[in-house]
Every structure is written in C-alpha cells, then in structure tokens.
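Listed in order, the protein sequences are those of chains A and B.
Residues in the first sequence are numbered consecutively from 0, following numbering that gives the first Met the number 0.
Residues in the second sequence are numbered consecutively from 0, following numbering that gives the first Met the number 0.
Don't be surprised by glycine CBs; every beta carbon is placed ideally from N, CA and C.
Working notes for the structure below.
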Amino acid sequence: MHHVAATGRIALVGSPNSGKTTLFNALTGLSQKVANYAGVTVEQVQGEVEVDGRVITLIDLPGTYSLEALSPDEEVVSKVLEGTMASCAAPDGIVVVADATTLERSLQLVGDILRLGRPTVLILTMIDELKARHGGLKLGALKRSLGIPVLGVVGNRGVGIDDVRALLAKSDDWKPSKVEIPESPEERFAWADEIFARCVTAPRRDATLTDRIDAVLLHPVLGIAIFAFLMFLFFQVVFAVAAPLQELFESGVGLLGAMVGELLPEGLFRALIVDGIIGGVGGVVVFVPQIALLLLMIAVLEGSGYMARAAFVIDRVMGWAGLEGRCFIALLSSYACAIPGIMATRGVPDPRSRLATILVAPFMTCSARLPVYGLLIGAFIPKETFFGIFNLQGVVLFGLYLLGSVSALLAAAILKRGILRGATYPFYMELPPYRMPTVQVIWHRLSRGVWAFLRKAGTVILAASVILWVTLNLPRVELPSDFSGGEVAAQTYQLEHSYAAAVGHAMEPVLSPLGFDWRIGVGLVASLAAREVIVSTMAQIYGFGGDEGDMDGLAAQLRKAKDGEGNLVYTLPTVLALLVFFVYALQCVSTLAVMRRETGSWRWPALAFSYMLAIAYVMAFATRWSAIALGWG
Amino acid sequence: MAALTKSDLRALDPGEGAHVVSLDSTAPQQIVRRLMVLGFVPGTYVSVVRRAPLGDPIEFELRGGRISLRASEARLIFIS
C-alpha cells in the first residue's frame, strides 16, 4: 500500500534509432498503453513509472529528426511538445534521448527542442559503445553548454536507469535552457559543431560488427541472392511449416463440432450452431498458425535490423512503382493479411506513398484466399508434373500470387502518377545496427496481430456465418406431396427456395458472362464479408455441413455440379475466371473498416472497393473468354 | 579538373568523400530544409558508405552518423 502524492507527464523525444524506445521500455516495463492520437493514425504510446511515491506518465513520441514537421508522425511530435495536440495536453517536461555515438548530428534536434523553452533534460544512450570505440564525453561541459541536466545510460542493459528515475523524481525542478540557439539549420549546425568540438571526443569509425555483416548482406551480388533466398524461405515457412499445424487446428474444429453436435438435440438450432457457427468461424480460425508464423518472421526480421536492409535492397523496385522501400514491409505483411499490412504503412513517412500502399495492399495474396485457391485448384487443376519438377497445381498457385503482387505494384504506379501525384517528400532512411530481437518485442507484435485476426473471426465472420446460414435455410418450405427424393434432395429443394437462392438468381444476368451460376453468386455475396466464407457457403450449398476437413468430398461435388440445363457449371474457363476474380476483388469487411480508420474517411475504402470490383469483373471476363478461345473448355 | 564543373553527391563512389558546397535552390523548399536538418549543410564532409545492390539508394556517412538517400535527393546536394 502506498500513497501516490503527485503525478507528472513527461514526453520522450529523439531521432529514430536513438535508443528512445529501449529506454522507455526499461523505465516502464510492461505497463504500456497504446492508443491513437485523435484524428490521426499515429500511435500514442504511454507508460507509467513510479518514483518516490510519484507516478509519472511517460509519453513515447514517434522518432523524429526535426520539429519542422513533414509527415503526420512528425506533426504529432511538434504538436504534443507545443501543447497544441487536441487529445494530449502539453507535457510538464521533455526528455530528449540521443545516441552518444552520433551526437554530432543529433545536437541539431536538441537545439530544436531547447528553443521551445520548456523544462528539458538530455539523456545519452550507447555510452558503452562510445567508450568501446575510444570516444569520450565531458558531461559537465555539455551540461553548461546546453544549460540543462545531461545523463548517460546504457538502455538495453539497464545501466544508469536508476539515475534516470532519480532525475524523473525531481521533474518539478527542471528548467528551460537559457542558452541562445540560432534558428536556421546552417547556423545551428555551426552552434552544434562548436559544442561538439568542446565536449566530445568523436568515436573511432572502426568496422563494427554491423559493418561486417552488411559487407555480406548488402554486397552488390550476394545481397540480392540473400534477399531472394530469405523471401523464398519466408514463403516456405509460411506454407510448409504451417500446414501440419493447420491440420491440427482443423481436426480440433471438427472435434468441437462433433462434440457440440452430440450435446444438442437434432434440429435447426443444432444445424445453426454446428454448421453455421462452428463450421463458419472454425474454417477461419484454422489460419491462425499461418498468420502467427508470418507475423513471427516479420517481427524477427524487423527486430534484428534486416527489414530495413530489405527495404534498402528493394527500394529501387518500389521506386519504379512510385513507392519506397518501407512500403515493401507493408506489402510483405499483406501476404498474411491486409490488416497488419495496412497497419504497417504507419512506418511510411510520405502520406501519398502511404495512401497508395493502403489502396493496393488488398491485391497481395492474403491467407484468406488460400482456402478458396486450395479448394478450386485441388478440384480442377490436374496434378500433372512437367519438366520433372514443376507441379501444375503449384505453378497455378504461384501464378496467382505473382498476379496479385505484380498487380499491386502496377496499381500503385498508376495511382502515384494519377490521383496521388505530386510527391514533395524527400526519401531518406537509416540502417539501424543489427541486434538480437528481444522476446518481449516479438511477443508484443505477434500477440497483437493474432488477436486482431481472432477478433475479426469472432465478429465479422461470426455474423456472416450466421446470416449466411439463416438466408440459406429460410424460409422453410413444405416439400411437394409428390416429392420422391431422399434427404439430400430434400435439402437441395429447401436451398433452392431460400432467400439466398433468390438473391443468387437475381444476380445471374450479371454473372452469366463470367460463367458463374446462382450458387457462385450466393458465394460471392457471402464472401463480401470475408473471402474464405465462400468455402463454407459452397460446403453448405452442396450439402457438407460446413466441415472443412471434408474438402475432397466438396471438390468431388463441385466437379459434378450441373446447371438447370444439365451442363457442368465448373468448366476450366469458369474456374480460372473465379480464381482471377478472387485475386482482384476486395471481399473483406475488416479490411474496409481498417482502411476507413487508417485514412480517416470512407472515401478511400469506397474507392478501393469499387475499383477492385471493376478490375475483378473485367479480368475474370477476359480470363474466361481467353480460355474458351484457347479451347480449354 | 573536376572542381570546375558543378557535381553532386551522385558522383561519389563508395569510399570517396567531398565537402558540401551548396544545395539546389530550385528544389522544393521543404525538401532542401529537410536535407539540411539531416546534416547536409555547406561545409559538411560527406562520404559514400555503399550503394544498394540495385544501385539506388546510396548510404552516406556524415557528422558521425549514416543516412541513405535516393539519387533523386542526392542530386540536389552539390559538392566541390
């Protein structure tokens, strides 16, 4: 039991890679709150630290080089420090964090902040590194030159953290600096150079471990080979390693359905629970292992420092698309799910590049498309091998991935030359030193991503599954008195008179040019909620209680499905058209919602939805008729 | 004589360095300001650490730190 005497709010500010977040974590431990600043999608990270019975709220501001804001991130930093941010009152004091080994440059930002005239202290990180490289620091002289307290720490080892806590305890006594600081960058660098020369012995630039690793990983030839290999490994892990885990989840879902089925009396209610809810939601939850693995690898690549190198290597390619290297990280995340991908665009400083990335991210083949591709490819693409190594099914799957990725870059290129033209944001990035990623940071990212996915399964997909089940099973119709078929035929009769069938039939004029019948129409409408719902729809329509484990049975049903005139529905041209439709269409309510949140308006999700639907229709049409012209069906 | 022609940071090969003379005053003001904030002010010694495997961006070392720019930004910074 302790009494909390007073509270204070202190902002942490520093350039990217200054060690600011490491210091923040060392001070606040796990008591962090992440929210958004009002009106912008910049994360507001706060944590609490208790010193001498006082609780101090630390605000970890985004990394910035200057208070002269160009990007939304930087704007938040200047606004919070000036006290003009609507949702965040001006802090009582400012802690500037700077890397002691690159002080020559960061003194510029220190000067920027001192000019605000707020109570400020300076904390220098990487003091051990400075000493190891034979650099030195006259703390007393630096304090006098800047007119504020200065402390040295080694954030990742906790050295000096107690001194920082003691300094925070006295935050009421902090004072603004009285030192005169010039306004223009040129004069300010002269000012900084003078202080630097007086107070700091520059560290030697011996080849560090990071330099030696970079000599290999960024080598003109090896660098590209290693990048390609890592990307290959990335997909191998996602598909090869995740598959057995996924099967485990599938049998779990099947078991749960069977158990619940035992407990409930037979009837509509049991069908709703087992087929509608467990089948529908379970079919999506089985993708958790894959998404978790993907997020894990992205977290490791980012935490180790390689992701920045990947952005550096691929920047030129992204540049052709009007984007930049950091957009690549967002697009890579979108292979798991467009939602973490769109969230990852927060690391892109240029608002136009960021928006373009958000608008094309859904073209990247997310894991929700996998069950759809898996079902259709498994059912209709022959298991042929050619040239000894290429498996036709695998080639088609790879082709769909490639089509999505190339389309995303093309769409970005068009957007950046069209409605998002006129970039006036300079490109610059830093390659941080390599580090061992910490378990805490990896866990944080992993759990947040998986949780977001599960929340989608528990809300959107749950609702879609229930609505779908209801519309497929109601209204209940009486069988005609002369009805002679068995149970399956009775179910089919019920289905053909359901609300969903009415919707599907109404859509037929639009869909028939693509070769789609009313059942596919129902599936497409249902999959507007989430793409994978089409699989459970097909399962429900073709009489397989939504049991995803029984995919072979469903595939066989699809192969012999006939339309009213007795012709096969799923000819090769129609199947290819359906696959291509799924490459392009934005059938995902959650993605639209996240787009709305990240762009602050419904305009962009509406644009994305309509342009992607239009492309999906045109491309599916072109695919079907090309295939017919080639004599494939 | 290279010093007579106006050249920019793109002209440097990895390992080479030069002093910044001026920045392109015809470029958008905010880009020039930001490059200066990053340390590219006249008089600063800048050297090239490496080029990306595909040739762009270029990693520079200046003022004890490193930063990567694209050729499209590097061409705004004139050297002696």
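Asked, Found
"Closest by C-alpha distance to A/F426, when choosing among A/G346, A/V152 and A/G52", "A/G346"
"Stretch pair the region 88-107 of chain A + the region 18-27 of chain A: three plus CB contacts closer than 8 Å", "yes"
"Reference A/M506; option with closest CA among A/Q493, A/G522 and A/Y492", "A/G522"
"Bridge-paired residues (DSSP) for A/C87", "None; A/C87 has no bridge partner."
"Any non-hydrogen atom of the ligand ATP within 8 Å of A/F385 CB", "Judged by which ligands are present, the structure shown has none, so any question about the ligand ATP falls away."
"Residues that A/E246 contacts on chain B, provided the C-beta gap is smaller than 9 Å", "Within chain B, no residue comes near A/E246; the closest Cβ sits about 39 Å away, beyond 9 Å."
"Min CB distance B/I78 to chain A below 9 Å", "no"
"Residue ranges of each alpha helix (DSSP H) within the region 531-615 of chain A, 4 or longer", "532-540, 550-558, 571-583 and 588-598"
"CB contact below 9 Å: B/T25 versus chain A", "no"
"Range of the contiguous alpha helix (DSSP H) that encloses A/D210", "L208 to L216"
"Start-to-end residues for the beta strand (DSSP E) that takes in B/H18", "G16 to L22"
"Chain-ordered chain A contacts of B/S67 [CB-CB under 8 Å]", "F311, Y427, M428, E429 and L430"
"Neighbour list for A/E185 in chain B, Cβ cutoff strictly below 9 Å", "M35, V40, P41 and G42"
"Counterpart residues of A/I389 in DSSP-defined beta bridges", "Checking the sequence, you will find Phe at residue 389 of chain A rather than Ile. According to DSSP, which records beta bridges pairwise, A/F389 is partnered with A/F385."
"N-terminal and C-terminal residue of the beta strand (DSSP E) that A/A10 is part of", "T6 to G13"
"A/Y498 - containing alpha helix (DSSP H), residue span", "Y498 to L510"
"CB of A/A168 within 9 Å of CB of A/R353, strictly", "no"
"Same chain, Cβ closer than 8 Å to A/F188, neighbours up to 5 away in sequence not counted", "Q107"
"Residue range of the unbroken alpha helix (DSSP H) whose run includes A/T124", "A/T124 -> not in any alpha helix (DSSP H); beta strand (DSSP E) instead, spanning T119 to T124."
"For B/F77, the residue or residues it bridges with in DSSP", "B/D7 and B/S21"
"Chain-ordered chain A contacts of B/Q58 [CB-CB under 8 Å]", "One detail in the question is off: residue 58 of chain B reads as Glu in this sequence, not Gln. Those within 8 Å of B/E58 in chain A are F311 and L430."
"Residue-chain proximity (B/E15, chain A), Cβ-Cβ < 9 Å", "no"
"Closer than 9 Å to chain A by CB, B/D12", "no"
"Pair within 9 Å by beta-carbon distance, A/L606 and A/A584", "no"
"Backbone secondary structure at A/K415 - three-state DSSP", "helix"
"Amino acids of chain A, ordered along the chain, whose beta-carbon sits closer than 7 Å to that of B/R49", "L217"
"Distance between beta carbons of B/G38 and B/R62, contact taken as under 8 Å", "5 Å"
"Alpha-carbon spacing of A/L244 relative to A/G373, whole angstroms", "16 Å"
"Status (buried if at least 16 other CB within 10 Å, exposed otherwise) for A/V215", "exposed"
"Within-9 Å CB hit, A/R204 to chain B", "yes"
"Proximal residues to A/L391 (C-beta, below 8 Å), its chain only, five neighbours per side dropped", "I380, P381, K382, E383, T384 and F385"
"Residues near A/V617 in its chain [Cβ-Cβ closer than 8 Å; skip 5 each side]", "none"
"Per-residue contacts from A/S65 into chain B (C-beta, under 9 Å)", "R32, R33, V36 and L37"
"A/R454 - DSSP class collapsed to helix/strand/coil", "helix"
"Beta-carbon neighbours of A/R434, restricted to chain B and to distances below 8 Å", "Correct list: empty, because the minimum Cβ distance to chain B is about 16 Å."
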